[in-house]
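Each residue of the sequence shown is one higher than the last, beginning at 16 in my numbering.
Glycine is no exception: its CB is placed at the ideal position from the N, C-alpha and C atoms.
Comments concern the structure below.
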Amino acid sequence: MSDKPMHFETACVHAGRQVDPVTGAVAPPIHLSTTFQRSPDYGADPYNYVRGNNPNRAQLEACLAALEGGAAAFAFASGSAAATAVFQSMKPGDHVVCTRDAYHGILRILREIMAPWQLKVSLVDASDLDAVRGELTPATRLVWVESPTNPVLKITDLAAVADIAHRAGAIAVCDNTFATPALQNPLAFGMDLVMHSATKYLGGHGDVMGGGLVARETGPLADRLRILQGNGGAVPSPFDCWLVLRGTATLSVRMRAHCESALVLARRLEAHPAVECVFHPGLASHPQHALAARQMRAFGGMLSFCVRGGADAALRVASRVKLFTRATSLGGVESLIEHRASVEGPESPTPKNLLRISTGLEHPDDLWADLEQALA
16 MSDKPMHFET
26 ACVHAGRQVD
36 PVTGAVAPPI
46 HLSTTFQRSP
56 DYGADPYNYV
66 RGNNPNRAQL
76 EACLAALEGG
86 AAAFAFASGS
96 AAATAVFQSM
106 KPGDHVVCTR
116 DAYHGILRIL
126 REIMAPWQLK
136 VSLVDASDLD
146 AVRGELTPAT
156 RLVWVESPTN
166 PVLKITDLAA
176 VADIAHRAGA
186 IAVCDNTFAT
196 PALQNPLAFG
206 MDLVMHSATK
216 YLGGHGDVMG
226 GGLVARETGP
236 LADRLRILQG
246 NGGAVPSPFD
256 CWLVLRGTAT
266 LSVRMRAHCE
276 SALVLARRLE
286 AHPAVECVFH
296 PGLASHPQHA
306 LAARQMRAFG
316 GMLSFCVRGG
326 ADAALRVASR
336 VKLFTRATSL
346 GGVESLIEHR
356 ASVEGPESPT
366 PKNLLRISTG
376 LEHPDDLWAD
386 LEQALA
């Protein structure tokens with residue numbers, strides 16, 4: 016292979032992978048051993064104990080770093096575990112500015128785990144740059160954003176937020192789960208860390224839980240995250256790493272189909288009389304459509320819409336679907352629909368008439384026929 020940088024599609028297939036030197040196997044073998052023989056002098060062996068490292072995890076981390084254009088990657092047992100490690104890299108008394116409409120699990124980690132640990136948190140609309148600046152304090156060490164957000168798909172100006180954070184002496188982190196590295200590379204816009212729930216599009220088949228972090232550069236932050244990963248112990252199993260790595264091989268082609276179908280559904284929903292509004296950055300009506308077009312290569316497979324008639328009407332629509340599955344999660348091959356406020360609980364800020372869709376790989380006309388009959 017030449018030294019010329021690989022296209023993204025090629026990296027999805029080849030990054031982190033090599034033919035097994037022992038057997039010639041093309042598919043990576045799964046190394047289930049929990050311990051590894053040490054060299055006679057107990058020197059710097061690449062593997063010694065599974066919590067510290069494993070060949071399958073090393074392959075996955077090399078792949079994630081390549082796909083996001085980072086210097087180092089860290090695989091975790093879940094996206095929540097990855098996010099928790101980032102917050103634990105801070106010190107008690109440090110201040111975090113977090114987007115208000117982040118994934119509700121992130122807000123629960125900050126509220127229920129990190130606040131008692133004395134991490135100070137301010138929530139803000141990260142799409143409003145003046146609001147972000149207004150929340151900074153001398154103790155701010157981290158700015159956490161999500162773009163597009165879950166579930167109303169707001170877009171954050173990643174380069175601007177990274178600059179704001181750096182001027183304040185803070186690091187900038189982006190949850191890139193909705194976009195994936197196929198559509199957006201936050202590190203290229205100055206973000207210091209990218210977080211993924213690998214359970215979603217990276218795994219891509221609804222059969223593995225995982226998470227990951229990718230750092231733009233090596234140094235103290237990356238070293239701290241490696242310590243938290245190994246000593247904290249929230250690491251993925253070798254088989255889980257193998258499954259996520261298998262999923263990344265088809266990420267590029269899957270995302271192309273997810274994006275095309277989601278835009279078809281968003282446009283048709285926007286024109287339906289039973290629909291109050293649609294949230295999808297690919298729509299010209301989206302208030303940040305131009306920003307999304309500048310920093311994303313396509314607009315993603317997620318969309319949300321509000322049903323006229325309130326929560327009861329939305330729940331009725333969700334109850335009538337036949338092809339969509341009423342389930343929590345996203346990014347798999349099958350299309351899912353979810354009444355997000357019910358999932359998030361009584362304190363959810365999500366509109367009660369909102370339904371979130373993860374567009375799968377079915378034909379969009381079949382998906383639309385299902386939505387149309389449910390909305391009738």
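6 Å CB neighbourhood of residue i in its chain, flanking five on each side removed
i, result
"Trp159", "Cys113 and Val188"
"Met224", "Ser93 and Thr214"
"Phe91", "Ala97, Gly226 and Ala249"
"Ser95", "Gly120"
"Gln103", "Leu243"
"Ala3", "There is no way to answer for residue 3, as the model of the chain reaches only from 16 to 391."
"Met16", "Note that Met16 has pLDDT 49, beneath the 50 cutoff, so the model's placement of it is unreliable and the number below is only indicative. So no residue of the chain qualifies."
"Leu79", "Ala88, Gly227 and Val229"
"Val205", "What sits at residue 205 in the sequence shown is Gly, not Val. Only Ala174 and Ala177 meet the Cβ criterion."
"Ala185", "Thr155, Arg156, Leu157 and Val158"
"Leu266", "Cys27 and Ala197"
Residue(s) in a DSSP beta bridge with residue i
i, result
"Cys256", "Answer by DSSP bridge pairing: none, since Cys256 is not bridged."
"Leu392", "Residue coverage of the chain in this structure runs from 16 to 391, which leaves residue 392 outside it and unanswerable."
"Thr50", "Tyr64"
"Arg341", "Ile352"
"Ala237", "Answer by DSSP bridge pairing: none, since Ala237 is not bridged."
Residue i beta carbon near the ligand ZN (any heavy atom closer than 6 Å)
i, result
"Ala80", "What this structure holds is no ligand at all, so the ligand ZN is not there to describe."
Residue i at chain B interface by Cβ criterion, 7 Å
i, result
"Val279", "The structure shown has no chain B; it contains just one protein chain."
Buried versus exposed, by CB contacts within 10 Å (16 or more), residue i
i, result
"Gly149", "exposed"
"Ser54", "exposed"
"Ala237", "buried"
"Ser212", "buried"
"Phe254", "exposed"
"Gly85", "buried"
"Tyr216", "buried"
"Gln310", "buried"
"Asn68", "buried"
"Tyr118", "buried"
"Asn246", "exposed"
"Asp145", "exposed"
"Val293", "buried"
Same chain, Cβ closer than 8 Å to residue i, five either side skipped, listed in chain order
i, result
"Val34", "Ala40 and Val41"
"Leu280", "Leu318, Ile372, Thr374, Pro379, Leu382, Trp383 and Leu386"
"His356", "Looking at the sequence provided, one finds Ala at residue 356 rather than His. Contacts found: Ala326, Ser363, Thr365, Pro366, Lys367 and Leu369."
"Thr38", "Pro44"
"Arg282", "Leu298"
Nearest-angstrom Cα separation, counted from residue j out to residue i
i, j, result
"Pro166", "Ala289", "20 Å"
"Ala307", "Glu127", "32 Å"
"Val147", "Thr155", "11 Å"
"Glu377", "Glu349", "7 Å"
"Ala389", "Val332", "5 Å"
"Gly219", "Gly315", "14 Å"
"Gly262", "Thr195", "12 Å"
"Phe23", "Leu75", "16 Å"
"Ala87", "Leu338", "40 Å"
"Thr343", "Glu359", "11 Å"
"Glu353", "Gly58", "52 Å"
"Arg123", "Pro61", "36 Å"
"Leu198", "Arg312", "5 Å"
"Pro163", "Thr192", "9 Å"
"Val130", "Val139", "Inspection of the sequence shows that residue 130 is occupied by Ala rather than by Val. Using only the alpha carbons, I get a separation of about 17 Å."
"Pro235", "Arg66", "21 Å"
"Arg239", "Thr233", "10 Å"
"Ala183", "Leu125", "21 Å"
"Met270", "Asp56", "48 Å"
"Ala277", "Thr25", "24 Å"
"Val322", "Asn71", "45 Å"
"Asp109", "Leu134", "6 Å"
Sequence-distant residues of the same chain with beta carbon closer than 7 Å to residue i, five excluded per side
i, result
"Ser142", "Lys169, Ile170, Thr171 and Gln303"
"Trp15", "In the structure as shown, the chain starts at 16 and stops at 391, and residue 15 therefore has no counterpart that could be examined."
"Leu258", "Gly218, Asp222 and Val223"
"Ala408", "The question about residue 408 has no answer, for the chain in this structure spans 16 to 391."
Give, in chain order, every unbroken run of the beta strand (DSSP E) that is at least 3 residues long and sits entirely within the stretch 55-126. The stretch 55-126 is shown to contain whole beta strand (DSSP E) runs of 3 or more residues at 87-91 and 110-114, in chain order.
Would you list, in sequence order, the uninterrupted beta strand (DSSP E) runs of no fewer than 3 residues that lie entirely inside the stretch 128-212? Those beta strand (DSSP E) runs which fall completely within the stretch 128-212 and span 3+ residues are 135-139, 155-161, 186-190 and 208-212.
In chain order, what are the residue ranges of uninterrupted beta strand (DSSP E) at least 3 long that sit wholly in the stretch 277-329? Inside the stretch 277-329, DSSP marks whole beta strand (DSSP E) runs of 3 or more residues at positions 290-294 and 317-322, from first to last along the chain.
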